[in-house]
Amino acid sequence: MNKLSGFDLVERARALQPLIAGEANEIERTRRLTQPVVSALIENGLYRALLPKSLGGTEAPLEIFMQMQEEIAKADASTAWCLGQCGVCAMVSAYIDPDAANEIFNVAPGILAWGAINHTVQAVPGGYKASARWDFASGSRQASWLGAHVRIVEADGSPRRRPDGSPEIRTILFPMTSATMYDVWDVIGLNGTGTDSYSVEDLFIPERFTALRDEPTALREHGPLYRIPTQMVYSMGFGATSLGVARAMLDAAIELARAKQPQGLSAMRENSAVQGLIGRTEAQLRSTRAYLYATAAEVWRDLARGDAFTEAHRTSLRLASTWTIHQSTAVVDTAYHMTGATAVFSANPFERRFRDMHTIAQQLQGRDSHYEDVGKVILSGKLDTAPTARP
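All letters in the sequence shown, in the order written, are residues 0 to 390 by numbering that gives the first Met the number 0.
The following block contains the structure:
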């Protein structure tokens, strides 16, 4: 495959919308991305958006990755969620042995997925021994490799610690064939992500298939993308995913309002209350999008000129992504209620997006506690300026 530019990624994502939208019902029914969708994402290089150029990836700027996510989410939220999850997982390649990274990401299908931080593994000669089960592995049903973020126990039973005294969190990587999968994803929204559980038993993981993810001293790549912690890239990608869901929902509501005439009432398009609601909601969505992308551009500008990633950057990204998820949820709610009884029928493009959006808002990146964390940092006086207040 030829190497893609960032522009190519966004254009290809947009071009795949009809295919993905046409497969959305089957994705929902089977609770998995369908093979035509997975094949199209692979063939068009979308899973490799954040893979380093040194491994044949695009190494896309943050804003391009976000635009790609937004376009896919307009067609189907579950597809976008899996793509975002596995796309960011590929960033671990910047921290591991190049030959190991090549084996994982350049042997088809070259997709890695993982779940939440949990459990400990035992240090043994040459690597680590793992027996554990992990949850929330979005995209795992398309993956060829799985990973897990674990704490290390030394041979003498003592916990391994970082220089600051905190537990070392290491990412272990292993072939999908080494794990047992558990079909547990029975949920109200994002049904198609197949966010299942997986386990290994007495599995040896060689040292070269492990990484100190987000540890600057372990970083092998030097582009600005890899100076952004993966959690922050997740947050901005899922913020953009939320925008895509909200945009598609509001557009569908506008289309309905142009044509619908409730029994005994004037046409929706002639109703001043509906007109005002659409105007305000459109402004809400556009301003939220502008804020998210302006924040991404500001942070990228600093990193591209060689600046280090700072607490101010982290705070700005966290605040913008959390706010975007919440405002996108509000837009979806407004559009849902605007459409009345029409919205409750599964044949119409409303109730699934309503469920998907509320599932996104329940995820880690949408926690209300993020506002408290940001407020605490601002009040500490440790930031030179408040987030997004710099020229």
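Heads up, the beta-carbon is just placed ideally off N, CA and C, and yes, glycines get one too.
Note that the structure is predicted; figures quoted are calculated from it, not measured.
Look at glycine 126 here: in three-state DSSP terms it is strand.
Tyrosine 292 sits close to glutamate 62, with the two beta carbons spaced by under 9 Å. Using a C-beta cut-off of 8 Å, the segment 92 to 100 makes contact with the segment 211 to 223, since at least three inter-stretch Cβ pairs fall below that distance. Per the DSSP secondary-structure output, proline 215 pairs with nothing in a beta bridge.
For glutamate 200, the enclosing beta strand (DSSP E) begins and ends at 195 to 205. Of Asp163, Gly191 and Leu172, the smallest CA-CA separation from leucine 82 is found for Gly191. Judged by pairs of C-beta atoms under 8 Å, the segment 154 to 164 does not touch the segment 192 to 200, as fewer than three such pairs exist. When DSSP reads this structure, proline 158 sits in a beta bridge with Val152. When Arg140, Leu189 and Thr170 are compared, the shortest CA-CA separation from threonine 176 is found for Arg140. Apart from sequence neighbours up to five positions away, the residues of its chain that approach tyrosine 197 with a beta-carbon distance below 8 Å are Gly114, Arg132, Trp133, Ala136, Ser139, Leu145, Ala178, Thr179, Met180 and Tyr181, ordered along the chain. One alpha carbon belongs to alanine 251, the other to phenylalanine 349, and they sit about 8 Å apart. In this model, glycine 126 and alanine 48 are separated by some 30 Å (Cα to Cα). For the set Asp75, Leu50 and Ala129, the Cα lying nearest the Cα of isoleucine 19 is the one of Asp75. Taking a 10 Å sphere around the C-beta of isoleucine 171, we find 16 or more other C-beta atoms and assign the residue as buried. The beta-bridge partner set that DSSP reports for glutamine 16 is empty. Counting only residues of its own chain and dropping the five nearest sequence neighbours on each side, leucine 382 has a CB closer than 8 Å to the CB of Glu310, Ala311, Thr314 and Val376. Cβ neighbours of alanine 23 within its own chain (closer than 6 Å, five residues either side excluded): Asp75. In this structure, DSSP gives tryptophan 144 an extended state, which the three-state scheme calls strand. Within the same chain, Glu62 come within 7 Å of alanine 296 by CB-CB distance, once the 5 residues on both sides are set aside. The three-state secondary structure of tyrosine 94, taken from DSSP, is coil. Shown here for aspartate 213: same chain residues with a beta carbon closer than 7 Å to its own, the five before and five after excluded, namely Pro228 and Thr229 in chain order. Between the segment 38 to 56 and the segment 323 to 338 there are fewer than three C-beta pairs closer than 8 Å, too few to call the two in contact. Taken atom to atom, the span from the alpha-carbon of proline 174 to that of serine 143 is near 6 Å.
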